[in-house]
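Structure record follows, encoded as structure tokens.
Number of protein chains: 2
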Amino acid sequence: MHQILIYEDNERLRNSLELLLKGMPNMNVVGGFGNCDKVIEQVKNLSPTVILMDIDMPGEGGIIGVEKVKRHFPEVFVLMFTVFDDDERLMACLRSGANGYLLKKTSPLQIIDAIENVASGGAPMTPEIARRVLETFKVERKIPSDLGLTPREMQVLELLIKGHTYKMIAHDFSISVETVRSHLKNIYEKMHVNNGNEAVAKALRMRLFE
Amino acid sequence: MHQILIYEDNERLRNSLELLLKGMPNMNVVGGFGNCDKVIEQVKNLSPTVILMDIDMPGEGGIIGVEKVKRHFPEVFVLMFTVFDDDERLMACLRSGANGYLLKKTSPLQIIDAIENVASGGAPMTPEIARRVLETFKVERKIPSDLGLTPREMQVLELLIKGHTYKMIAHDFSISVETVRSHLKNIYEKMHVNNGNEAVAKALRMRLFE
DNA sequence: CTATCAATAGCACTTTTGGGGGATAACGGA
DNA sequence: TCCGTTATCCCCCAAAAGTGCTATTGATAG
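From first to last, the protein sequence lines are chains A and B. Under UniProt numbering, the first residue of the first sequence is numbered 1, with each subsequent residue one higher. Under UniProt numbering, the first residue of the second sequence is numbered 1, with each subsequent residue one higher.
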């Protein structure tokens with residue numbers, strides 16, 4: 001028997017959902033609210049196994065909601081349920097540990113399906129959502145853009161990132177500090193930055209080093 | 001009409017798949033092979049719209065296969081199809097741009113479904129696969145490591161990462177350079193680093209900023 | 001009420017960095 | 001052979017950064 005808690009500010013929709021789920025033999029709706037302001041307390045009292053969570057609600061929305069729930073009750077399954085499908089929110093929810101992500105145009109049958117699914121450890125999402133998740137996978141591993149740094153410059157930059165001073169770098173390579181200086185000057189110019197901090201940040205963001 | 005190309009080393013299974021797909025009115029199997037050794041050439045000649053790709057094959061397996069295909073023909077949809085479900089391979093495929101990921105225990109009906117789905121831009125995956133993808137999302141954002149930096153210190157560090165000098169930071173916040181200095185001193189101590197470069201590197205690696 | 005902490009600020013002093021000039025030797029391709 | 005690139009080195013000099021102290025204020029937790 002799935003104990004279901006619903007967060008959805010549109011009352012009509014919330015009631016429809018309740019009706020739909022109550023019609024199922026193995027589902028029990030333990031509550032429904034219009035925002036997540038008291039989500040911790042409510043989850044503690046109602047002990048749901050699955051939460052249907054809208055994203056856009058007045059007061060505390062679903063993104064804060066899923067974060068809170070997952071931090072305090074990681075064992076409760078949270079299914080996001082929204083009309084909004086921008087990547088920002090999607091990613092925010094997934095990072096917070098949402099167990100699934102449905103668009104509101106999902107059919108009632110699929111919603112039932114998704115609840116069963118998430119309760120048995122799956123992660124239901126529409127193929128469209130899945131596609132976007134995969135997209136970010138690809139872009140996160142973007143190509144190491146070539147700045148035209150020479151091998152030596154890369155070595156120097158690497159040590160700079162480690163926090164070594166010019167003097168230490170010079171010592172490491174048994175070259176003069178002046179040479180290190182020259183390399184750094186060239187590095188900064190090639191990277192279009194004005195100081196070490198910026199170069200370090202840019203290098204790491206470009207994943208020149210890990 | 002979907003033009004389908006199959007890579008699967010088990011001949012019996014490959015033939016079953018061909019039969020299954022040929023039975024559909026809108027699917028045409030343009031070829032089937034037992035390894036990916038000549039995948040580029042084959043794709044060029046056969047012009048598939050969707051590729052069903054097994055992972056474990058003698059010679060060049062599906063992981064190399066999907067990489068090659070996606071590099072040379074990014075518009076072709078690649079659906080991974082495998083008994084193996086270890087995370088390593090899964091992630092390798094997804095990073096290379098696979099459009100979906102099915103386990104072999106998937107029913108024929110679902111396979112048909114998945115092909116339709118991937119061809120219309122979705123990313124079919126079993127809820128189980130989806131769950132694992134979400135897992136890695138969470139772990140990738142690991143260590144909420146709390147360094148105990150105060151809000152102000154975070155702001156200062158953020159600007160440092162942007163390459164601002166102490167003077168610029170002071171100006172940005174309308175505070176004295178001495179104060180910026182103080183903050184940085186505290187930041188370096190809390191982070192156990194000795195200079196800005198190291199702090200920037202550490203902050204970015206800890207994903208304090210993105 | 002007090003102790004702690006965050007944020008602010010100052011000063012003295014040293015070291016490091018960055019920007020501007022150079023220069024030379026070695027190597028490799030056009 | 002000549003030119004471009006790489007790696008090396010030098011000088012000057014001003015600006016920036018880093019270290020070690022102290023100190024005041026306001027908010028907050030106990």
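Backbone N, C-alpha and C define an ideal beta-carbon position, used for all residues, glycine too.
Interface residues of chain B around residue i at Cβ under 7 angstroms?
i, result
"Asn197/A", "Leu160, Ile161, Gly163, Gly196, Asn197 and Val200"
Is residue i close to chain A, meaning its C-beta is less than 8 angstroms from at least one C-beta of that chain?
i, result
"residue 241/B", "It is not possible to answer for residue 241/B, since the shown part of chain B is limited to 1 through 210."
"Asn26/B", "no"
"Leu103/B", "no"
Applying a beta-carbon distance threshold of less than 9 angstroms, which residues of chain B neighbour residue i?
i, result
"Glu128/A", "Gly121, Gly122 and Ala123"
Enumerate in chain order the residues of its own chain whose CB-to-CB distance from residue i is below 6 angstroms, with the five nearest sequence positions on each side excluded.
i, result
"Asn167/B", "Here the sequence assigns Lys to residue 167/B, which means Asn is not the residue at that position. Around Lys167/B: Val177."
"Phe73/B", "Val43"
"Glu60/A", "Asn35, Cys36 and Asp37"
"Ile129/A", "Tyr101"
Quick one: residues in its chain with C-beta nearer than 7 angstroms to the C-beta of residue i, no 5 flanking neighbours on either side, listed in chain order?
i, result
"Lys104/A", "Phe81, Thr82 and Val83"
"Gly65/B", "Tyr7, Cys36, Val39 and Met53"
"Glu116/A", "none"
"Val69/B", "Val39, Val43, Ile51, Val76 and Val78"
"Thr126/A", "Leu102, Leu103 and Thr106"
"Ile112/A", "Met24"
"Ala98/A", "Val66, Val78 and Met80"
"Arg152/B", "His183"
What is the rounded straight-line gap between the Cα of residue i and the Cα of residue j?
i, j, result
"Ser96/A", "Arg131/A", "19 angstroms"
"residue 215/B", "Ala199/B", "Nothing in the structure corresponds to residue 215/B, since chain B is present only between 1 and 210."
"Glu32/B", "Val118/B", "Here residue 32/B is Gly; the residue named in the question, Glu, does not match the sequence. Cα to Cα, the separation comes out at about 19 angstroms."
"Gly34/B", "Ser47/B", "18 angstroms"
"Glu67/B", "Cys93/B", "8 angstroms"
"Leu159/B", "Glu158/A", "22 angstroms"
"Thr49/B", "Asn26/B", "12 angstroms"
"Pro108/B", "Leu20/B", "8 angstroms"
"Gln155/A", "Asn195/B", "19 angstroms"
"Met1/A", "Asp86/B", "31 angstroms"
"Ile4/A", "Arg12/A", "17 angstroms"
"Ala123/A", "Arg89/A", "17 angstroms"
"Val29/B", "Gly100/B", "19 angstroms"
"Ala114/A", "Gly121/A", "11 angstroms"
"Leu134/A", "Leu134/B", "10 angstroms"
"Asn197/B", "Tyr188/B", "10 angstroms"
"Leu17/A", "Lys22/B", "41 angstroms"
"Lys185/B", "Thr179/B", "10 angstroms"
"Ile175/A", "Thr150/A", "16 angstroms"
"Glu41/A", "Gln110/A", "29 angstroms"
"Arg181/B", "Arg181/A", "25 angstroms"
Return no unless some Cβ of chain B is closer than 8 angstroms to the Cβ of residue i.
i, result
"Val193/A", "yes"
"Arg71/A", "no"
"Leu79/A", "no"
"Gly207/A", "Note that residue 207/A is Arg in the sequence shown, not Gly. No, because no Cβ of chain B sits closer than 8 angstroms to the Cβ of Arg207/A."
"Asn117/A", "yes"
"Lys142/A", "Confidence in Lys142/A is poor, its pLDDT being 49 and thus under 50, which makes the residue's placement unreliable; the coordinate value appears in the next sentence. No, because no Cβ of chain B sits closer than 8 angstroms to the Cβ of Lys142/A."
For residue i, go through chain B and note every residue whose CB falls closer than 8 angstroms to its CB, in chain order.
i, result
"Arg131/A", "Asn99, Gly121, Gly122 and Ala123"
Give me, in chain order, the residues of the same chain whose beta-carbon lies closer than 8 angstroms to that of residue i; leave out the 5 immediate sequence neighbours on both sides.
i, result
"Val193/B", "Ala199 and Lys202"
"Arg14/B", "Ile6, Glu8, Gly32 and Gly34"
"Asp56/B", "Asp9, Gly62, Thr82, Val83 and Phe84"
"Ile161/A", "Val200, Ala203, Leu204 and Phe209"
"Gly148/B", "Lys190"
"Pro58/B", "Asp9, Gly34 and Asn35"
"His164/A", "Asp172"
"Thr136/A", "Asp87 and Met91"
What does residue i touch in chain A if you count any residue whose Cβ is under 9 angstroms from its own?
i, result
"Leu204/B", "Val200, Ala201, Leu204 and Arg205"
Q) Mind listing which residues of the stretch 27-58 of chain B have their C-beta closer than 8 angstroms to chain A's C-betas, in chain order? A) Cβ contacts with chain A come from no residue of the stretch 27-58 of chain B.
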